[in-house]
Structure formats: structure tokens, C-alpha cells
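A short worksheet on the structure shown next.
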Amino acid sequence: MDSIRNLIARWQFKQQWDFVEIPGSEEFDAYAEAVFAAASGDGAIAPQERSWIIGYFASLGMPEEGIARLKNADPTQMGPAIKRHLHAFLDSPAGPFNRGLVYDCIRAAGADADYDSEESVRVHEIADELGIPDAVTDQIEDICRAEKQMKADKLHLFYPDGIFYSDPPAPGTPGPASVRDITAAWHFEEEWGFLQVPQGVEFATYGRAVLAAASADGVLAPDEREWIVGYFASIGAPEELLQYFDSVSPSDVAPNVDGHLQAFSQTAAGPFNRGLIYDCIRAASADGELTSAERERYVRLAGDLGIDDSITEQIERAYQAESASKARRLALFFPEGTPYSVPA
69 MDSIRNLIAR WQFKQQWDFV EIPGSEEFDA YAEAVFAAAS GDGAIAPQER SWIIGYFASL
129 GMPEEGIARL KNADPTQMGP AIKRHLHAFL DSPAGPFNRG LVYDCIRAAG ADADYDSEES
189 VRVHEIADEL GIPDAVTDQI EDICRAEKQM KADKLHLFYP DGIFYSDPPA PGTPGPASVR
249 DITAAWHFEE EWGFLQVPQG VEFATYGRAV LAAASADGVL APDEREWIVG YFASIGAPEE
309 LLQYFDSVSP SDVAPNVDGH LQAFSQTAAG PFNRGLIYDC IRAASADGEL TSAERERYVR
369 LAGDLGIDDS ITEQIERAYQ AESASKARRL ALFFPEGTPY SVPA
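Residues in the sequence shown are numbered from 69 upward in steps of one, following our numbering.
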């Protein structure tokens, strides 16, 4: 298996951008510095914005020295030098693919609160400097707003009584120490709204339940296994669990699907099981095809967990809406085809 950080980066690039090749260090560094400079446009950066940027680039595999630079970067120096950082990115091999940079600038700017009119003006100025027409920037903003609303709607569906793990850590609790911990904390907050990382037993039972569901017919496509391993690596699963996911035979897991579901139901996270079905759908779709047999399988599993068919259909629609939004986003960002889509 690749190093875990490399595994996470490959999963994240594929998940968000459909890249199968990781960009080189030149474009990576220039891109990260441009996003940070954009967030520091007024000479200041909110702690939540810095934290989002650090977590995001950690998830994409930025080397530890790069993470350290972002932690210590001075917004009073970076912000005023925004044009230099933007043009450094334009001069990199990824420069022609600059619409994604605007998208990430918007996401970073919105990390501390709603994306406001002043931030929009700054983003339009950045996009103009990159040669992106205002009409395209408006479309990128619309995509960001739509995705933010989709996330809110999804989390309300999954957690109608309130988001699990949403209480902030107690005062004085140390923040994430390692880059892997930073990545996991970022991913949980970005995707699930969690402010705390679940404990090990919940990881193991949840992960085994997803793997068992994806293997319920005794078959696990390579892309499905790769998605499961990468996903659980990104949220901080221990290495021994990842090795198990990477090597276990589907025929060994499939007979005990009910046992894995029951084990998960008995954890502290058990009552919040709609996200499990969502992840089963994502894993089953990772090979590019969701078959009727796969659908029948996760609908039955949802029923076993006490989830009504109407709720399962809403979970399906949430996944389909996200997939459609991703397709629209990539078509807008890469009108001539997705870069980094041919393995090196």
C-alpha cells in the first residue's frame, strides 16, 4: 500500500476533482499560497479560514513543511502580495486551470461565516486578475451556494435532532497534533459538521459495516475497495483497519453483514445510521455504476437498521444531487477536459 498520506491525497483529488494524477509540487505550492493570499486580501485572516486552508491542503497531501508555512504565514505580508501569488500560479503547469482556484478561494472565505458581499467583490477582483469573466465567476459563486445548501439539507436529513459530535472540544483541549489528525478533523467538519473526531471503536464498526454492505453479494469491485480504503484513511482510521480493508476477501465479510450492522447499531453513533447508508451508496457507486442489485442490497440494509424506505429515497436523492453538482462544477472548471486525468 502507498503511504497513508499519499493514499488520502489520491482519494481526495479523485473525490473532488476527478484527478487520478497528483499535481506536482510547483503548481501545488503556488496554488496553496494563492488561496492563502486571497483569504488574506485585507491583511487579516480569520482563524477558521486559516484552519480550513491548512486542513484542506493537508488532505491533498501538502508536505509537512508546507503545512508549517501555512500555519505561520503572515497575512499582512501575503495579502498585499496577492497579485504576485496569483501570477506565480498562472505561470505554473496548472495555471490554465484556474477556475478551481476561485472556487477554493470562495470556500476558504466562507469558512468563518456566510460568504458576504465584500468577500464577493474581492473574489471577483481575483478572478479578473486571472482572466476569468465576471459571468463565469458568478456561476462559480452560484455553485458554492448551492453546494452549501445541499450540505445543510443533507445533514438535517441525517441528523434531524441535531448534528452528532457538534459540541466543540472542551476549553484547553489540544488541537490536532499530526498532519493526519489535522486531515481527519478537517474532513469531519467539512463533510459532516462534526467538531470532534469519533472514537476508535466507532471507526472500526462503522467501517466494517460499510465494507460488509458493499460486499453483501460476495463481490467487491476494485474501485469500491479503493474508495472505502481512501475514505476511511481520510477520516483517520488506524493503519491496521486500513490494511484489513485493503486485504480482506469479500466472501469472508459478506456472510456476517447483519452482525456488522448490529455491532454498529450498539455504538454511541448507532442511532445516527442514515450516514451509513449514504456511505454505502457512495461506495457502491465508486466504480461508476450503481446496479439494481446494489440498490436492492442497501435498501434492505437500511430496512434492517430501521430506516424507512422514504428516508432511503431521500438519501439517494441527496447523493444524486451532489453527483450532478460535481459534474456541473467540473464541466465549468475544465471545459476542455479534466486535467491530471491520465495516470502518470
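C-beta atoms are modelled at their ideal positions from N, C-alpha and C, and glycine is treated no differently. From a predicted model like this one, the values you see are computed outputs, not experimental measurements.
- Excluding sequence positions up to five before and after ASP172, its CB lies within less than 6 Å of the CB of VAL103, all in the same chain and listed in chain order.
- The three-state reading of DSSP puts VAL191 in helix, counting H, G and I together.
- In this structure, the CA atom of SER409 is about 10 Å from the CA atom of PHE81.
- Going by DSSP, PHE332 is part of the alpha helix (DSSP H) stretching over 325 to 333.
- Each of PRO323, ALA195 and PRO290 was checked against the Cα of PHE313, and the nearest Cα belongs to PRO290.
- Counting the other Cβ atoms within 10 Å of the Cβ of THR380 gives 16 or more, which makes it buried.
- As the crow flies, the alpha-carbon of HIS328 is around 16 Å from that of ALA351.
- With a cutoff of 8 Å on beta-carbon distance, GLU89 and SER160 are scored as not near each other.
- Annotation: ASP347 to ILE211 spans about 23 Å, alpha carbon to alpha carbon.
- The Cβ atoms of ASP86 and LEU398 lie closer than 8 Å to each other.
- The beta carbon of VAL247 lies closer than 8 Å to those of ARG73, ALA126, GLU132 and ILE135 in the same chain, with the five residues before and after it left out.
- Excluding residues up to 5 positions away in sequence, ALA282, ALA351, ALA352, ALA354 and ASP355 lie with their Cβ nearer than 8 Å to the Cβ of GLU292 in the same chain.
- Taken atom to atom, the span from the alpha-carbon of VAL189 to that of LYS222 is near 29 Å.
- In this structure, ILE174 sits near GLU209, with a CB-CB distance shorter than 8 Å.
- Per DSSP, reduced to three states, the secondary structure at ASN74 is helical.
- For the pair GLY168 and VAL278, the Cα-to-Cα distance works out to about 31 Å.
- Two segments are said to touch when three or more pairs of C-beta atoms, one from each, lie closer than 8 Å; by this definition the stretch 219 to 233 does not touch the stretch 198 to 207.
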